[in-house]
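Report on one structure; see the data block that follows.
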Amino acid sequence: MPNGQIESTPTPDLNRLYQRILEKKQDYQSYDFTRKQNDLLKTFFDLSQEFLSLPDFYRISVVAPKVFLGVDVRLYLLGEEDSGHELMMVCDSVEGYDSLHPPAPSHVRLTDEPHSLNGSWFVPITRKAQSSEGLVGESLEIRKMGVLEIFPSEALLASDLFFFNKYANRIAYKLHNRRLVQQNIRHLKFINSLVVDIEHNVIIPNMYFLHLFNGMRKNIKALDEILGELTASGGGTECETTRERLADLHRQMADNHRHLLDHHATTSLFLESLLRREHFKQGHLVLKARPCQVEDEIILPQLENYLNRMSRNGITVEFPGDMDEETVPLSVDIGLLSQVYANLFSNAVKYTEVILTREGRPRKVMAFGRTFMGNFFGPGRDGIKFNVFTTGPHIASEELGLIFQDGRRGSNCGDKSGSGHGLSFIKQVIEIHGGVVGCETTEEGNNFYFILPLPHPWEDLEKRNLS
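Laid out in structure tokens, this is it:
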């Protein structure tokens, strides 16, 4: 291409886009945007690349028209699936970004065409379906994203009305792409976190299977020895001793078999709750809640898996005296909350240590329980506090607020193995239940707890339990 001239006939590779660019060139000539309108679009694109957060994008969308054209703008967007796809006001050029996203007034509706109402000009914000989405025959309803309100409409010329149609399209395109990027980032973070969850909550605990298998292998070998002795003895008092050994061995193998079944049930529960299709679709943990008795269906089954290990480590388990007398039905995700207790009990096995009481007696204890928290989540919004306490040296006060961060471990952990992920997982599960987590020091050790909102006032629960 001598002298920097462009060939008049594009190559076959470029022809399709060449023709499309010519069409856009003609379109922009017919649009005949004013200088202010062109400057507005350029500013919108430049700043939307400079400011990357969604709230800033919303602010740019409403402030740019005010600066260049002297009109105010409100931005309404459809909420996510968990908000019922409700139309919400997210930002305006008067007050700015509203993090509460209040519902749009009743007169603001999603329509197919722009229209004037109550002194404002309303323009639908819609996006084009991507060919990669596979949405053949997709309805316009699916592509609607929100509404742009421009006021006062009396200040708008006919050219402004056309311009805002195009401006709304630019908002839709940028917003859709930004949401996709954030969704992809959220999904990647979730998948990375889930891999750690599976390793921490399933793969590593499954090493306990090896312990059970080794125990069964040892018992099978002992059975072979006993059979050999029976064959060699031919009867007499030796047979009685052998029968006693067989009975004891049978009991041990039955216990191992029961532990294997329990461990398999727990592993299956954990896998189901971690590998749900909904988690990957949404990019975060999705609850599958149902009413249950937390102690009977979650706490005690998980504690059963750790009692032997606690006993071997010399840990005394103190059971609460009030949990049997009064049941508190909560609607929770049994699989996820079971993993919360599995993590807490696993930590208790590793970190419970001997302390001396005021009387000078050694004490190595793990205890659990619950406490009613009246109005904890606000007036009339009671909570219930579940806790797991262990004796041992205190976690440093400056670490209490950081201990639930992923990868964070207390300075009192010493050389004990651990990834620092378990408490982070607990925090995530409790927060999606609408609760909070915490850790506090007591006279004899550390108390890890979480507080969940109660579905009914405590007094109503008492009446129901007594009836």
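One rule links them: number in this note's numbering = place in the sequence shown (from 1) + 30. For each residue, glycine too, the CB sits at the ideal point set by N, CA and C. Just so it is clear, the structure is predicted and the values come from calculations on it, not from any experiment.
Does DSSP classify GLN344 as helix, strand or coil? The residue you asked about is not Gln; residue 344 is Gly in the sequence shown. Reduced to three states, the DSSP call for GLY344 is coil.
Residue environment, ASP530, which counts as buried when at least 16 other CB atoms sit within 10 Å: Because the chain here runs from 31 to 497, residue 530 falls outside it and cannot be looked at.
Pair within 9 Å by beta-carbon distance, LEU205 and ARG157: yes
Tell me which residue opens and which closes the alpha helix (DSSP H) that GLY452 is part of. 452-462
Would you mind reading off the limits of the alpha helix (DSSP H) that contains GLN312? 307-312
How do the stretch 202-218 and the stretch 73-88 stand: do at least 3 beta-carbon pairs fall below 8 Å, yes or no? yes
Out of curiosity, what's the CA-to-CA distance linking LEU107 and SER136? 14 Å
Would you call the stretch 355-371 in contact with the stretch 403-412, where contact means no fewer than 3 C-beta pairs closer than 8 Å? no
Own chain, CB closer than 6 Å to VAL384, minus 5 neighbours either side, in chain order: PRO392, LYS394
Between the stretch 177-197 and the stretch 89-103, do at least 3 Cβ pairs fall closer than 8 Å? yes
Is the Cβ-Cβ distance between LYS66 and LEU99 less than 9 Å? yes
Which residues share a DSSP beta bridge with ARG320? VAL362
Buried or exposed: where does LYS457 fall if 16 or more other Cβ atoms within 10 Å of its Cβ makes it buried? buried
So, ARG388 versus HIS314, is the Cβ gap smaller than 9 Å? no
Starting from LYS174, trace the beta strand (DSSP E) in both directions and tell me its first and last residue. 174-181
If you follow the alpha helix (DSSP H) that THR73 is in, where does it begin and where does it stop? 65-80
The beta strand (DSSP E) with ARG400 in it runs from where to where? 395-403
DSSP has CYS469 in a bridge; who is on the other side? PHE478
Endpoints, the alpha helix (DSSP H) within which ARG89 is located: 84-99
Taking C-alpha atoms, which residue in GLU474, TYR381, ALA319, GLU125 lies nearest to ARG339? TYR381
Would you give the residue range spanned by the beta strand (DSSP E) that SER427 belongs to? Note, SER427: premise wrong, no beta strand (DSSP E); not H, not E.
Indicate whether PHE375 and GLN332 have their beta-carbon atoms separated by less than 9 Å. yes
Taking 9 Å as the cut-off, decide whether the C-beta atoms of MET283 and ASN249 are in contact. yes
Whole-angstrom Cβ separation of PHE349 and ASN417, contact assumed at under 8 Å? Rounded, the Cβ-Cβ distance is 13 Å, inconsistent with contact.
Tell me which residue opens and which closes the alpha helix (DSSP H) that LEU44 is part of. 42-61
Taking 9 Å as the threshold (C-beta atoms), are HIS309 and PHE455 in contact? no
If you follow the beta strand (DSSP E) that ARG104 is in, where does it begin and where does it stop? 102-108
Contact belief for GLY365 with LEU299 at Cβ below 8 Å, rounded distance in angstroms: 5 Å
Using DSSP with H/G/I as helix, E/B as strand and the rest coil, what is ASN417? strand
PRO154 versus PRO42: straight-line alpha-carbon distance, rounded: 38 Å
Under 9 Å between C-beta atoms of LEU117 and VAL138: yes
Please list, in chain order, all residues of the same chain as ASP227 whose beta carbon is under 7 Å from its beta carbon, the five residues on each side excluded. LEU304, PHE455
Residue range of the unbroken beta strand (DSSP E) whose run includes PHE406: Here PHE406 belongs to no beta strand (DSSP E), and DSSP marks it neither H nor E.
PHE192 by DSSP, collapsed to three states: which one? helix
Check whether the Cβ atoms of ASP363 and ALA426 sit closer than 9 Å, and answer yes or no. no
Quick one: what's TYR127 bridged to in DSSP? CYS121
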